RNA sequence: GCGCCUGUAGCUCAGUUGGAAAGAGCAACUGCCUUCUAAGCAGUGGGCCGGGGGUUCGAAUCCCUCCAGGCGCGCCA
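Shown next, in the form of structure tokens:
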């Protein structure tokens, strides 16, 4: 759509140049029709036209003439555009050129999107480039909490949007299944198990106190009985590993179930443990060594990340011989690059931002273009209930799980709420508001738009109206109301919104877009009847409804939110 | 102390490749259900875009500085 508009401006520039009114040379190529980037925008105010451009103001200094003079010259030519799509063209303010398009031009846009059907909104700016989106990646030491939920919503929705924009996407979950915290989990389960068997034991000081640990211990007990408690201490120690392995399996199952119920499926589950077993971690350190980025000191092995703008060097191998989390993580990122992704996206909790510099150091050390790495930080969620904060604290075992929230307010509302803000902004999530089935709840506002249209369609069916597969232009010409053109204009912007969301990696743009669309449709519905005695108008309006419902369904789909037929 | 994020209406937030008179939702107030779902609609009030400088024809948007809040600065993950 912008392409068509840009063509109009370009033709005007060409004509003006030909007539000698513009002397500035224009470089070849699509982007540079001027030495400066021309902005074509959809003005906020409708008296400024369907689109406007600042071309004249940018040309003024180059031409050495007043902007308004140049604007006049261009406006004359735009108004006379051979496509006949321009109804009028005005110069305003300091030299803006405001262009008004014929209604029929918008009707054609509507026809186009109806013909594209469910494919409307898909574009190919991704050009099949491969993007890996790694998100959630929570340690399997406890259930997913609400913060993970926001990351899941953002990551999954982003993946959908990228796919729609023509990227090839791999969704991946990195399982931190080695290390101290996993060990603690194993010990915690073991302690609970021993307790369940009626024996005395000391619960680990920093153990996980949540109820879920007891549940896992009960599971273990059911499968293995109490035999484990009688074993000699050496065996019992070794069995801590067994508890850990058992707990890992249960927790992962539970996490997968939570995510599946949240509508999130991963393509790849990557185990940190497996990364070690494949030898990749060792290889990566060796490789870094060869490149001269590694040194030994204080009994540890260090990666000189300060050479790449990190605050301090980072330990890869601890003095006790254990690898750090960082060691496996750089191996993982190196592996991602090797797998041939064009773009690597990490969705992290905002509390990990201090980690970014050292991961980027890896890219630089290996000579990869670090611009391929994008890290999205998710600010923490403040959970409220009727305005009052709900306490969260993982260690105490009092955290609010994604499961609880989902069960209470529903999957759709939960996902929608997580996507109402840009990721790096704090989010207040009020359970009471999310649950309320009232207009102040934006989820229902948008979903209702879809359901309402489905209801209209059903009503039309009862009245014996059968809508043709594809619209005739003569029928669409019946959409004469300003409200109708406004809705079409907004629908026509959908592709660009999807593209922008993909490029900027900002799913919340879709949420806002849909709320605006619903905000146009509901008033329209309220003032006008769709199904009337006038067959052509009924057809035209049903087509418009079909397009609104289609875009709403598609947009909600990108968010991972359902589009109900009835509410 | 250093780094990252945030600061826009009473509340929660959009709006940053610089554009024309600042946007939405909620809350507040006033109205609307014999007509395709009132989970809806119509209307009213509400702002030194954290402060101060600067760049520009033009700044919520870019630069500097200060203030406030969050987070991070482990041989944890």
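In our numbering, the protein residues as written are 27 to 593.
Backbone N, C-alpha and C fix where the C-beta goes; we use that ideal spot for every residue, glycine too.
What you are looking at is a predicted structure, and each value in this text was computed from that prediction instead of being measured.
Asked	Found
C-beta atoms of residue 569 and residue 517 nearer than 8 angstroms	no
Spatial neighbours of residue 421 in its chain, beta-carbon cut-off 7 angstroms, leaving aside the 5 residues before and after	Reliability fails at residue 421, whose pLDDT of 40 lies under 50, so the model's placement of it is uncertain and no value is given.
Own chain, CB closer than 8 angstroms to residue 34, minus 5 neighbours either side, in chain order	104, 107, 109, 111, 112, 125
Buried versus exposed call for residue 250 [16 or more other C-beta atoms within 10 Å across all chains shown]	exposed
Alpha carbon of residue 357 to alpha carbon of residue 340, nearest angstrom	14 angstroms
Simplified DSSP state of residue 426, which is helix, strand or coil	coil
Sub-8 angstroms separation of residue 439 and residue 460 beta-carbons	yes
Residue 109 - DSSP class collapsed to helix/strand/coil	coil
Residues bridged to residue 294 (per DSSP)	198
Candidates 78, 96, 77: closest to residue 85 by CA position	96
Endpoints, alpha helix (DSSP H) assigned at residue 444	437 to 444
Same chain only: Cβ atoms within 6 angstroms of residue 330, ignoring 5 sequence neighbours per side	319, 339
Element boundaries [alpha helix (DSSP H), containing residue 186]	172 to 190
Euclidean distance between Cα positions of residue 452 and residue 407	6 angstroms
Rounded Cβ spacing between residue 547 and residue 577 (contact assumed at less than 8 angstroms)	Incorrect: roughly 10 angstroms between the Cβ atoms, too far for contact.
Buried/exposed call for residue 167, threshold 16 Cβ in 10 Å	buried
DSSP state of residue 67 mapped onto helix, strand, coil	strand
Cβ neighbour criterion (16 or more within 10 Å) applied to residue 552	exposed
Residue 415 - DSSP class collapsed to helix/strand/coil	strand
Pick from 117, 584, 428 that is closest to residue 284, judged by C-alpha positions	428
CB contact flag (residue 204, residue 298, <8 angstroms)	yes
Given 8 angstroms, three or more beta-carbon pairs between the stretch 308 to 328 and the stretch 341 to 360	yes
Separation of residue 456 from residue 67, as counted between CA atoms	36 angstroms
As assigned by DSSP and simplified to three states, the class of residue 323	strand
Closest Cα partner of residue 448 within the set 399, 467, 379, 531	531
Residue 153 classed as buried or exposed, judged by whether at least 16 other C-beta atoms fall within 10 angstroms	exposed
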